[in-house]
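Written out below as structure tokens is the structure these notes cover.
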Amino acid sequence: MKKYLRIVFLALAFLLWLVCAVFAMAVAYEPVGNVVFSIAAGSVYRKVGEAAFDAKGYPRSIAVYKAEHKPFLIVGPCLFHEGGDYEDFFFVNQTQVVRTATDKGGDMWCRSFGRLHIMDDLSDCEVLRAPLWDELKFEGSSVRYDDATDSYVYSFRIENDTLPAKLTVPAKFFTPDMFVAPNRTRKN
28 MKKYLRIVFL ALAFLLWLVC AVFAMAVAYE PVGNVVFSIA AGSVYRKVGE AAFDAKGYPR
88 SIAVYKAEHK PFLIVGPCLF HEGGDYEDFF FVNQTQVVRT ATDKGGDMWC RSFGRLHIMD
148 DLSDCEVLRA PLWDELKFEG SSVRYDDATD SYVYSFRIEN DTLPAKLTVP AKFFTPDMFV
208 APNRTRKN
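So the sequence shown is residues 28 to 215, counted in the working numbering.
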């Protein structure tokens with residue numbers, strides 16, 4: 028019996044040491060912290076499909092993530108600026124395409140096994156991503172429903188681009204729970 032207690036005690040001590048080491052690395056090294064804190068305290072979204080994104084004449088598919096009772100589909104990640112080193116997401120619902128300043132925070136996210144773990148999903152919590160803005164509020168931006176593809180098509184400009192960006196998201200991803208979910212961006 029003493030032998031088994033000793034093994035259990037040593038295993039618990041090793042586990043405690045391992046947790047402390049991971050936490051220390053998370054505090055000391057930002058990339059490790061982004062992963063640890065987004066998994067430990069963030070919201071979990073599952074990948075539900077792909078959206079078409081065309082910016083600067085370069086079409087590509089980007090992932091669409093969804094969580095129950097959240098106001099946005101999270102679409103991306105996407106590199107918003109040429110030569111930039113920050114990838115981030117579009118936060119999309121039927122009337123909004125919200126984007127944040129990628130160099131000002133909001134980089135606590137990681138992807139694993141078709142899941143997105145993200146600290147600040149712009150729902151009803153403290154907003155860590157600041158500043159943020161709705162791309163559809165700018166002149167020349169629009170959203171329309173396309174019957175042929177059963178999709179919502181968002182057209183907007185990113186920064187000072189001469190060509191508008193076009194984001195096409197299948198309508199099947201928008202569910203009724205999104206319309207009543209707390210949306211922090213509507214309060215700002």
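All residues carry an ideal CB built from backbone N, CA and C; glycine is no exception.
- Remark: C-beta atoms of leucine 43 and tyrosine 92 do not approach each other more closely than 7 Å.
- Here the alpha carbons of phenylalanine 36 and methionine 28 stand approximately 12 Å from one another.
- In this structure, tyrosine 181 places its C-beta atom within 7 Å of the C-beta atom of valine 124.
- In the assembly as shown, leucine 39 is an exposed residue. Its beta-carbon has fewer than 16 other beta-carbons within 10 Å.
- Our two residues, phenylalanine 116 and arginine 138, have alpha carbons roughly 12 Å apart in a direct line.
- Taking C-beta atoms as the reference points, leucine 100 and valine 119 count as a pair closer than 7 Å.
- Contact annotation: phenylalanine 140 and glutamate 162 have beta-carbon atoms that are not nearer than 7 Å.
- The residues Glu114, Asp115, Phe116, in chain order, have a CB closer than 7 Å to that of proline 104 in the same chain once the five nearest residues on each side in sequence are set aside.
- Note on the region 69 to 100: whole beta strand (DSSP E) runs with a minimum of 3 residues are 70 to 82, 85 to 93, in chain order.
- DSSP, reduced to helix, strand and coil, places threonine 195 within a strand of the structure shown.
- Partner residues in a beta bridge of tyrosine 113, as assigned by DSSP, do not exist.
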